[in-house]
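Visitor: Numbering (the numbering used here), first residue to last: 693 to 1237.
Handing you this structure, nothing more for now.
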């Protein structure tokens, strides 16, 4: 009897694993099976209802009658059963007509079995995640290679993966996303970054893929790209222990050598500790092996400081900026270049803090954010983004969140509701280490969201010159802030929707466009291959450096 009882946990575990595998297989099989017209029509109704009731200013760029007509046309087109992918390709262009870059749709995700998850934890990046690309003149070029095959060079064109051409991917998915407003500068980068998603949807998760490249000489080269191996954990301690056991007792090791090794180990540990501290402080992109916030100086007397901020999402930004601008002040730099190129945005609070180092007087960075109703921010979809184990703890915090959002959302004279509880809605003063000299602001189509809000405010300062390319985000703001992620009831398509129209205090009469540069430059694939930065070179020439 005891032996039988001992078998119960094993049996239940096996049954659980079997049930999990079966449910995963069934779910993934349903992804490829046609969904009835009735169910697809319900998903269209679900999207239209939520868009009109929850998304503020959904008709800001495209009038409501035009959107109504697009939804009606979609309903007529969905007159036969479709797979989730087929429906996604039909639905997402309609959502993209709202022209809000934060609002994104993704194909119904594939599920992965427990065994597969365990395996993936032991492995590195998938084949689709080992390259960065640039979309230029309707061709996709490699600009960063993280694969084990170092022969693949920057500037090679990706032609196909598993014989599925990039051109076919573009034709199918190019209309499934949009930037903010009417500008086009963000779209090439959006497409290039979504390449892994689109190919994963077409080919499924695979550990090995056949890539077809075209070299700079025009030769077609086929390469097999495998899932990366994780670097084996360092076992120096174990190795040292094993070596020590092999050393004979009568072997003499000088005290000087032992002390030297001990000192080296101590220095190494100290260096590693400092490195970990800096990564936590300034933020670190492990994929690119670069700090998120990076400062360097040009000129014999460090007269020009260059500050690159890659994003506003990681690191201890308050302490980081204090240290960075302290260094700029001590160097007595007269010119500062702030590089926000390819910065996709992040924390609005961080942008407010960073602007304090450029402001010449007290300021409010953001106007009150327009929302769809008094209570629209209460249903923010937080629970869907976190593990169920955390729900009880978050439930303690949620009432405070709800009260703050509700109290700070008020109806204005125009009849609309506005939320004014953001940090940037309050008056701020310039930082004591604020930079007073000449500023160059570098931007491009990849400058988006919070980065665009920062650029919008900086661009109106008299000491700032904007250099580069029109930003991908709208000068006048973006619908983002709180963005619940919804799953359509029948097709399981993922849909992210913004709830706050975040707007800078200063605005332009030019609707739907980004911040235009005072001095225009674009970076081509050829420039990237040659490590040529025309915008930065122009600044250095202007400053005679």
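Glycine included, each C-beta is placed from N, C-alpha and C at the ideal position.
1) I'd like to confirm the pairing. Which residues does DSSP put opposite residue 921 in its beta bridges?
2) Please confirm if the region 1127 to 1147 is in contact with the region 1026 to 1045, defined as three or more CB-CB distances below 8 Å between the two stretches.
3) Can you tell which of 985, 1055 and 1065 has the C-alpha that lies nearest to the C-alpha of residue 744?
4) Along the chain, which unbroken stretches of the alpha helix (DSSP H) at least 4 residues long are found entirely within the region 858 to 916?
5) Need the endpoints of the beta strand (DSSP E) that residue 1193 sits in, please.
6) Any chance you could list the beta strand (DSSP E) runs of at least 3 consecutive residues sitting entirely within the region 1124 to 1177, in chain order?
7) By Cβ distance below 8 Å, which residues in the same chain neighbour residue 900 in space, the five residues on each side in sequence not counted?
8) Are the region 1078 to 1092 and the region 1052 to 1068 in contact at 8 Å, needing three or more beta carbon pairs?
9) Report the three-state DSSP secondary structure of residue 1083 (helix, strand or coil).
10) Does the region 1123 to 1136 come close enough to the region 1209 to 1228 that 3 or more CB-CB pairs lie under 8 Å?
11) Which residue comes first and which comes last in the beta strand (DSSP E) that contains residue 850?
12) Rounded to the nearest angstrom, what separates residue 732 and residue 1010 at their Cα positions?
13) Pull up the DSSP beta-bridge partners for residue 1101, would you.
14) Please return the same chain residues whose Cβ sits closer than 6 Å to the Cβ of residue 908, not counting the five positions on each side in sequence.
15) Here's a check: name, in chain order, each residue in its chain whose Cβ is nearer than 7 Å to the Cβ of residue 769, leaving out the five neighbours to either side.
16) Please say whether residue 1194 and residue 1157 have beta carbons closer to each other than 9 Å?
17) Please list the terminal residues of the continuous alpha helix (DSSP H) segment that includes residue 679.
18) Does any residue of chain C have a CB that is nearer than 9 Å to the CB of residue 979?
19) Please go through the same chain and pick out, in chain order, the residues whose beta-carbon is closer than 6 Å to the beta-carbon of residue 1123, but skip the five residues on each side of it.
20) What does a CB cutoff of less than 7 Å around residue 925 pick up in its chain, not counting 5 residues either side in sequence?
21) Apart from the five residues on each side of it in sequence, which residues of its chain come closer than 8 Å, Cβ to Cβ, to residue 1266?
22) Could you tell me if residue 1181 is buried or exposed, where buried requires 16 or more neighbouring beta carbons within 10 angstroms of its beta carbon?
23) Quick one: what does DSSP say residue 774 is sitting in, helix, strand or coil?
24) From what residue to what residue does the beta strand (DSSP E) around residue 1059 run?
25) Identify whether residue 1208 lies in helix, strand or coil by the three-state DSSP scheme.
26) Got a sec, what are the start and stop residues for the beta strand (DSSP E) residue 734 sits in?
27) Among all the DSSP beta bridges, which residues are the ones paired with residue 823?
28) In its own chain, which residues sit with a C-beta less than 6 Å from the C-beta of residue 784, not counting the 5 before and 5 after it?
29) The beta strand (DSSP E) spanning residue 1187 covers which residue range?
30) How should residue 1209 be labelled, buried or exposed, when 16 other C-beta atoms within 10 angstroms of its C-beta is the threshold for buried?
31) Determine the direct distance from the alpha carbon of residue 1217 to that of residue 1224, and round the result to whole angstroms.
32) Using only CA atoms, which one of 822, 845 and 852 lies nearest to residue 831?
33) Which residues in the same chain have their Cβ closer than 7 Å to the Cβ of residue 763, if we skip the five residues on either side of it in sequence?
34) Label residue 865 either buried or exposed according to how many other C-beta atoms from any shown protein chain fall within 10 Å of its C-beta, with 16 as the threshold for buried.
35) Ignoring anything shorter than 4 residues or poking outside the region 757 to 801, list the alpha helix (DSSP H) runs there in chain order.
36) Could you name the residues of the same chain whose beta carbon sits closer than 7 Å to that of residue 749, not counting the 5 residues immediately before and after it, in chain order?
Guide: Inspection of the coordinates gives the following:
1) 815
2) yes
3) When each option's Cα is compared against that of residue 744, the closest is 1065.
4) 858 to 865 and 879 to 895
5) 1192 to 1196
6) 1130 to 1135, 1156 to 1160 and 1170 to 1172
7) 819, 916, 917, 918 and 919
8) no
9) helix
10) yes
11) Segment 849 to 853, the beta strand (DSSP E) holding residue 850.
12) 48 Å
13) Under DSSP, the beta-bridge partners assigned to residue 1101 are 1111.
14) Closer than 6 Å at the Cβ level, and outside the excluded window around residue 908, lie 847.
15) Cβ within range, chain order: 782.
16) no
17) Since the first residue of the chain shown is 693 and the last is 1237, residue 679 is not available in this structure.
18) Absent from the structure: chain C. Only one protein chain is present.
19) 1048 and 1049
20) Its pLDDT being 45, under 50, residue 925 is placed unreliably in this model, and the coordinates cannot settle the point.
21) The displayed coordinates of the chain run from 693 to 1237. Any statement about residue 1266 would go beyond what the structure contains.
22) exposed
23) strand
24) 1058 to 1063
25) Correct three-state label for residue 1208: coil.
26) From DSSP, residue 734 is part of no beta strand (DSSP E) but of the alpha helix (DSSP H) over 729 to 746.
27) 837
28) 797 and 868
29) 1186 to 1188
30) buried
31) 10 Å
32) Nearest C-alpha to residue 831 among 822, 845 and 852: 852.
33) 736, 740 and 786
34) The residue is buried, with at least 16 neighbouring Cβ atoms inside 10 Å.
35) 776 to 788
36) Same-chain partners within the cutoff: 1062, 1171 and 1193.
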